[in-house]
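Numbering (the UniProt record's numbering), first residue to last: 1 to 106.
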């Protein structure tokens with residue numbers, strides 16, 4: 001893919017999202033969460049589909065992140081809910097790292 005692809009928006013330096021952490025950012029009028037898990041970056045909506053709470057401050061383990069309000073878990077790859085009470089998935093975004101900068105397709 002061409003690194004000048006206009007669909008990708010630079011958001012944060014990779015160093016700003018340590019492995020095992022999630023960081024919330026605003027981009028393109030959306031609340032997005034960047035999750036660094038086991039060396040991979042994931043980009044998802046930063047809002048629980050059930051509680052409408054930001055997810056970036058939730059617990060992240062084994063490829064999922066949990067809503068801090070009611071504990072609903074979402075898969076980092078697909079955005080699908082793994083446990084209730086959430087039933088609806090959250091949006092995921094294509095992500096890449098170019099020259100140490102995390103870029104997301106919006």
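Backbone N, C-alpha and C fix where the C-beta goes; we use that ideal spot for every residue, glycine too.
Supposed close pair residue i, residue j - CB separation, criterion 8 Å
i, j, result
"residue 11", "residue 90", "Contact doesn't hold; Cβ gap of about 17 Å is too wide."
"residue 31", "residue 50", "In fact, because the Cβ distance is near 16 Å, the residues do not count as touching under 8 Å."
Proximal residues to residue i (C-beta, below 7 Å), its chain only, five neighbours per side dropped
i, result
"residue 75", "63, 64 and 82"
"residue 28", "9 and 106"
"residue 56", "22, 23, 24, 33 and 46"
Same chain, Cβ closer than 8 Å to residue i, five either side skipped, listed in chain order
i, result
"residue 18", "36"
"residue 100", "13, 14 and 15"
"residue 1", "Below a pLDDT of 50, predicted positions are generally treated as unreliable, and residue 1, at 42, falls in that range; the measurement from the model is reported next regardless. Once the five neighbours on either side are set aside, the close Cβ partners of residue 1 are 96."
"residue 79", "44, 45, 89, 90, 91 and 92"
"residue 20", "36, 37 and 60"
Contacting residues, own chain, Cβ-Cβ under 6 Å from residue i (five flanking each side not counted)
i, result
"residue 7", "105"
Proximity of residue i and residue j at Cβ, strictly below 8 Å
i, j, result
"residue 77", "residue 67", "no"
Query raised in the report: How about the stretch 58 to 66 and the stretch 31 to 44: do they share at least three Cβ pairs that are nearer than 8 Å?
Result: yes
Query raised in the report: What are the uninterrupted segments assigned as beta strand (DSSP E) that are 3 or more residues long and contained completely in the UniProt domain "Rieske" (9 to 104), given in chain order?
Result: 21 to 27, 30 to 37, 40 to 45, 64 to 66, 73 to 75 and 95 to 98
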